[in-house]
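Presented below is the structure to which this report refers.
Protein chains in written order, with the numbering used here: chain A, 66 to 177; chain B, 51 to 168.
As structure tokens, this is what we get:
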């Protein structure tokens, strides 16, 4: 079983739509959580960190449910420029381990 | 300021040859990470450096893979006797000093080296 699981998509949505991505993680030692965005043939870039209380950044809202080991990302009023792969990422902070663990990504295609 | 840089951007090699991939982290970032991404796959952790030491090498897939970091800055990932399954994009990332408050230190990624083994 993968440590971080995501629906690969693709999610094809019209401009202006609201779309939600979900992610589950299996390691209860996971301490911090992120959504990264990766454009085609580019490096991943941090979209937002995900805090226990949930957080919002403009059109993007992230939620964390530690009890269910579940993370979500909501994108409102989708733009064409939101088309990308969204990577769910956790950091496991047990002994000596500092790397990020990535899901395989969910591809979003926003259509005109 | 300058971001993470990697070289070469593309490398095509023949099976059995050795390759060296270079990463130049953001100045002042003491933590450095190597990942690889195979076609259509998520990122796979390879090795992590804190300064010049590597406390976590758990992701290196075989003893053909090694990495070093000198002067707390530039890192080189070496793959010996390359195999076709080594073909992937090799990504380097760096972040600020690691400590107990490291939970949300952002990792900044370089553009990657696309390795193709024929």
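Beta carbons are placed, not taken as given, at the ideal position from N, Cα and C, and that holds for glycine. Being a predicted model, the structure only gives us computed values, none of them experimental.
Q. Where does residue 70 of chain B fall in DSSP's three states?
A. strand
Q: Using three-state DSSP, classify residue 121 of chain A as helix, strand or coil.
A: strand
Q) Taking Cβ-Cβ distances below 8 Å as the criterion, which residues of the region 126 to 160 of chain A are in contact with chain B? A) 152, 156 and 158
Q | DSSP bridge partner residues for residue 61 of chain B (one or two, in chain order) | A | B:165
Q) With 7 Å set as the bound, which would you pick, yes or no: does the beta-carbon of residue 93 of chain B sit closer than that to a beta-carbon of chain A? A) yes
**Q.** Local conformation of residue 106 of chain B per DSSP, three classes
**A.** strand
Q: Provide the residue span of the beta strand (DSSP E) that contains residue 138 of chain A, from first to last.
A: 135 to 140
Q | Cβ of residue 98 of chain A within 7 Å of any chain B Cβ | A | no
Q | Proximity test, Cβ basis, 7 Å: residue 118 of chain A and chain B | A | no
Q: Starting from residue 78 of chain A, trace the beta strand (DSSP E) both ways and give me its first and last residue.
A: 76 to 79
Q.
Cβ closer than 9 Å: which chain A residues qualify as neighbours of residue 78 of chain B?
A. Result: empty, since nearest Cβ-Cβ is about 17 Å, beyond 9 Å.
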